[in-house]
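Heads up, the thing below is written out as structure tokens.
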Amino acid sequence: GYNVEEKKAQEKFFRTVALLKAQVADNPENPMPHHYLGTSYLARGMYKESLEESLLAIDLAERSESMDVIYLTTHHNAALAFFSLKDLDGAREYSLRALKKYPDHLDSLYMMTLICGEREQWAELTGYGRRFLVLREALEHHPERAGVVLNSSLREGGTVHMLMGHAHHALG
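What follows is the structure, encoded as structure tokens:
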């Protein structure tokens, strides 16, 4: 047989993409539908497509001088897509760009911890990992501090602790 839930998810994905592409056709300079296309593609493991839409959304948002915090998530989506495509330089660039705009962006701190782990940059990893864990704890105790910023890596404390353990072992 086939997975009924997967079939429903795929149908929803196709509907969503069609609606978002129609919004793009109506207003190609609006970064928001590109953001959501990038998010939709990322959720389906379509990393190249996600990256293309995320980068376009970031470019359009920056050209229009949008300060909407949702584009921090777009930066994270781009970094995740780059990371999944084994482009650690691209993942690092977009994580650092998000952190420059918003130094307490939990998802970008998480991504930087992962990137440093992949590159065995242990000292740098411990710095990002510590910042991640301190911020994560603060957000768990005071979720209102997040405001409208999405934090998809809140549950990744275990991963960060594990990577920091590797770093401490490597550093002696």
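Just so we're aligned, residue 756 is where the sequence shown starts under our numbering, counting upward by one. Backbone N, C-alpha and C fix where the C-beta goes; we use that ideal spot for every residue, glycine too.
Cβ separation of residue i and residue j, assumed to be a contact under 8 Å, to the nearest whole Å
i, j, result
"A846", "W877", "Wrong, their Cβ atoms sit about 18 Å apart, outside the cutoff."
"P786", "S839", "Contact doesn't hold; Cβ gap of about 22 Å is too wide."
DSSP-derived helix/strand/coil call for residue i
i, result
"N758", "coil"
"K841", "coil"
"N782", "coil"
"D874", "The amino acid at residue 874 is misidentified as Asp; the sequence shows Arg. Three-state DSSP puts R874 in coil, outside helix and strand."
"G793", "helix"
"S819", "coil"
"S927", "Here the sequence assigns Gly to residue 927, which means Ser is not the residue at that position. It is coil, neither helix nor strand."
"N906", "coil"
Distance CB(residue i)-CB(residue j) smaller than 7 Å
i, j, result
"R891", "G912", "yes"
"I870", "L843", "yes"
"L965", "R900", "Residue 965 is absent from the model: the chain starts at 756 and stops at 927."
"L864", "F887", "yes"
"T881", "L918", "no"
"T828", "S795", "no"
"S821", "A834", "no"
"L806", "P788", "no"
Option nearest residue i by Cα separation, candidates the options
i, options, result
"H860", "N832, R874, A816, N758", "N832"
"A922", "F769, K856, H789, G872", "G872"
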